[in-house]
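Working notes, beginning with the structure itself.
Numbering (the numbering used here), first residue to last: 279 to 337.
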């Protein structure tokens, strides 16, 4: 894979390098965040399905 930065080129201050000195999220918050996201997606999907017309359910 070719290098994207020329030798001697400096990075802009806006560039963030993963794994830098900043600490990532604690291990406990990541599963909690994923669970919350999945819960929101499930709730939204249930709401969308409830609002669809009921095709083929004639009584």
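Here a beta-carbon is modelled for each residue, glycine too, at the ideal position from N, C-alpha and C.
Values in this document were obtained by computation on a predicted structure and should not be read as measured data.
Straight-line Cα distance separating residue 330 from residue 317: 20 Å
Contact set for residue 319: own chain, Cβ-Cβ below 7 Å, skip 5 residues either direction: none
Local conformation of residue 326 per DSSP, three classes: helix
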